[in-house]
Amino acid sequence: IVNELKCLEVGRKFQLRSTDGEGVEEAFIKVFLVSSCCDKPAQCLVQCLAQPTAKFGCGKCAIRGETVETEGGGHVISFIINASETINLRSNDQYDELLETVKLNNEELASLTTDRDIKAAKLRHTESQMGLKGSCVLRELKYFDFGQSFVVDSLHNIYLGAFKRLLKLWLNPLYKSEPWSISAYLSNLADALKRVKFPSTTTRRPRSLIDYKKYKGSELRVLMLCGFPVFEKFMKKKYYEHFKQLVLAVHLAESRALT
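For the record, in the sequence shown the residue sitting at position 62 is 62 according to our numbering, with numbers rising by one throughout.
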């Protein structure tokens, strides 16, 4: 596919419908890939990075992740920064430098003979390579950026990510003493949601809000984009206004056309 994309960058002639719609005219057009949307497992394969759960598993930045214990006793990698800290974003220039580091590290590994030395070297390489394991084939494309051309996957990052976390903070009794909690109104919210008339194009109407923990991505999407007004009556104004800003931003991001 990269070879085909490179051919399109050079340009070729295409037959297009004429502006008056009555005939066909020929035009020389160049096509450039400027972005890609993948889920996290696919993105790390395309970027040739470590898994998203690894120390340097973020495809957008090269921050070293820290292991954090979860409420259930498990562990996750969290990419934590201070408010005053500058984020080390991934870029083509950084990628080119890291790729040279990978090549040098591979040469070092090839020269080692004992398992102990190889293991120690691999630990050092993890830090110096910042998650990069090899070459990213899309780097060969003219306008494709190694870090910033990979756009947000809305299903996992927004609906099953940020919005699902917000619902937990709002509705889970664990946070009932927090100022943002509306867990005491869960039954009222569920009744209000039943009265919402969703668009006819809705393929999966959300189940009762009582079952929000079991919601699929499509249910979370419809609830967020179409059912958000039910929260206004029960949520403090500053939290509801903040929620509306998120809804508006996602509506704009999902628009089929820019105006």
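Even glycine gets a Cβ: it sits at the ideal position worked out from N, Cα and C.
Computed from a predicted model, the values in this text were never measured in an experiment.
Inset, instruction - Could you say which of 235, 32 and 53 lies nearest to residue 41 if we only look at CA atoms? - result: 53
Inset, instruction - Tell me residue 251's beta-bridge partners as DSSP assigns them. - result: Note: residue 251 sits in no beta bridge, so no partner.
Inset, instruction - Return yes when the Cβ of residue 174 is within less than 9 Å of the Cβ of residue 260, no when it is not. - result: A query on residue 260 cannot be resolved here, the shown segment of the chain reaching from 1 to 259 and no further.
Legend entry - DSSP-derived helix/strand/coil call for residue 47: helix
Legend entry - Through-space distance from residue 257 to residue 182, alpha-carbon basis: 36 Å
Inset, instruction - May I have the straight-line CA-CA distance separating residue 47 from residue 34, to the nearest angstrom? - result: 15 Å
Legend entry - Environment of residue 229 [buried if 16+ CB atoms lie within 10 Å]: exposed
Legend entry - Segment limits, alpha helix (DSSP H) that includes residue 102: Counting along the chain, the alpha helix (DSSP H) containing residue 102 begins and ends at 92-111.
Legend entry - Limits of the unbroken alpha helix (DSSP H) element including residue 129: 115-129
Inset, instruction - Measure the Cβ-Cβ separation of residue 196 and residue 227 and say whether it is below 9 Å. - result: yes
Inset, instruction - Look up residue 201 in the DSSP assignment and give the residues it is bridged to. - result: Answer is none; residue 201 lacks a bridge partner.
Inset, instruction - In the DSSP assignment, find the unbroken beta strand (DSSP E) run with residue 25 in it and report its ends. - result: 24-29
Legend entry - Collapsed DSSP secondary structure at residue 187 in the structure displayed: The answer is helix: DSSP assigns residue 187 an H, G or I state.
Legend entry - beta strand (DSSP E) segment containing residue 68, residue limits: 66-69
Inset, instruction - Check each candidate in 253, 244 and 134 and name the one with the smallest Cα separation from residue 50. - result: 134
Legend entry - Cβ contact (3+ pairs, closer than 8 Å) linking the stretch 162-178 and the stretch 79-96: no
Inset, instruction - Decide if residue 138 is buried, meaning its Cβ has at least 16 other Cβ atoms within 10 Å, or exposed. - result: buried
Inset, instruction - Keeping to the same chain, check which residues put their C-beta closer than 8 Å to that of residue 194; ignore five residues upstream and five downstream. - result: Around residue 194: 208.
Legend entry - Close-in-space but distant-in-sequence residues of the same chain around residue 290 (CB under 7 Å, 5 per side omitted): As shown, the chain starts at 1 and ends at 259. That puts residue 290 outside it, with no answer to give.
Legend entry - Range covered by the beta strand (DSSP E) that runs through residue 78: Taken as a continuous stretch (DSSP letters only), the beta strand (DSSP E) holding residue 78 covers 75-78.
Inset, instruction - Have a look at residue 70 and residue 159 and give me their C-alpha separation to the nearest angstrom. - result: So the alpha carbons of these two residues sit roughly 20 Å apart.
Legend entry - 9 Å Cβ cutoff met for residue 147 and residue 11: No; because the gap between Cβ atoms is not below 9 Å, this pair is not in contact.
Legend entry - Local conformation of residue 154 per DSSP, three classes: helix
Inset, instruction - Could you say if the stretch 103-122 and the stretch 72-86 meet the contact criterion of at least three C-beta pairs nearer than 8 Å? - result: no
Inset, instruction - Please classify residue 13: does DSSP put it in a helix, a strand, or coil? - result: strand
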